[in-house]
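K.L.:
Okay, handing you the structure first.
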Amino acid sequence: MKAIAAPILFFNFCICIVIFGIGGWVMNHTIDNGFVIGAGFDVPNYFSPIFFQIGNSATGFFIIFALIAAVAVVASAISGNFYFRFSDAANLPPAASTALVACFLTFLAMGFAWKEIAMTVTSGHLIALEALMIVLSVTQFVYTAIIVWTSTS
């Protein structure tokens with residue numbers, strides 16, 4: 002099973018690098034061009050601190066959770082790499098637990114991606130990020146299933 006899990010782990014790590022790039026760009030674009038209130042004006046009632054000019058009302062939640070999920074997947078990749086390199090029983094529980102946490106966070110981000118898709122997205126960057134998050138959640142689930150199955154056998 003390690004022969005299957007190791008390439009999936011590397012693939013997940015590579016997808017996370019791309020998610021960091023696109024998600025970081027969207028976050029930087031929003032910070033630079035976001036909602037600006039002049040001196041002496043009150044904050045409007047509809048103001049949200051996670052308002053993103055790109056996309057729709059689900060974009061802010063999606064980007065934030067996509068970046069958090071990507072960090073968790075990188076932590077899972079590092080922990081899984083130690084397990085595959087040293088192959089001892091002491092490295093299996095951390096690999097399995099970080100894989101489970103990363104899997105749940107990718108499912109959460111995937112849920113926001115589906116919500117954003119349902120609300121119609123206009124940006125190509127967000128479409129690519131949504132597709133990558135859905136693929137990442139599936140491959141992370143497969144990797145988690147392999148690691149947890151390995152830990153019980």
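When the letters of the sequence shown are read in order and numbered with our numbering, they come out as residues 2 to 154.
Ideal Cβ positions, reconstructed from N, Cα and C, are used throughout, including at glycine.
Computed from a prediction, not measured in an experiment: that's the story for all the values here.
Keeping to the same chain, check which residues put their C-beta closer than 7 Å to that of I51; ignore five residues upstream and five downstream.
P.N.:
Contacts found: G61, F62, I65.
K.L.:
Let me make sure I understand the geometry here. Which of F21, A71, H30 has the alpha-carbon closest to that of A100?
P.N.:
For the residues F21, A71, H30, the minimum Cα distance to A100 belongs to A71.
K.L.:
Which runs of the alpha helix (DSSP H) fall wholly inside the region 75-125 and span at least 4 residues, in chain order?
P.N.:
Taking only runs of at least 4 residues, the alpha helix (DSSP H) segments lying wholly in the region 75-125 are 93-119.
K.L.:
Can you find the residues in the same chain that come closer than 7 Å, C-beta to C-beta, to A67, ignoring five residues on each side of it along the sequence?
P.N.:
Excluding sequence neighbours, A67 sits near I20, G24, A110, L130, M134.
K.L.:
Give the range of the alpha helix (DSSP H) segment to which A59 is assigned.
P.N.:
A59 -> no alpha helix (DSSP H), and no H or E assigned at all.
K.L.:
Residues in its own chain within less than 7 Å of F108 by CB, not counting five upstream and five downstream?
P.N.:
Excluding residues within five positions, the ones whose Cβ falls inside 7 Å are S138.
K.L.:
Please state the DSSP three-state secondary structure of M134.
P.N.:
Three-state result, M134: helix.
K.L.:
Please report the distance separating the alpha-carbon of S124 from that of G112.
P.N.:
If you take the alpha carbons of S124 and G112, they lie about 18 Å apart.
K.L.:
Check each candidate in A146, L127, Q141 and name the one with the smallest Cα separation from W26.
P.N.:
Among A146, L127, Q141, the Cα nearest to that of W26 belongs to L127.
K.L.:
Can you say whether F42 is buried or exposed, counting buried as having 16 or more other CB atoms within 10 angstroms of its CB?
P.N.:
So F42 ends up on the exposed side.
K.L.:
Which of the three DSSP states is assigned to F21 in this structure?
P.N.:
Note: F21 maps to helix in three-state DSSP.
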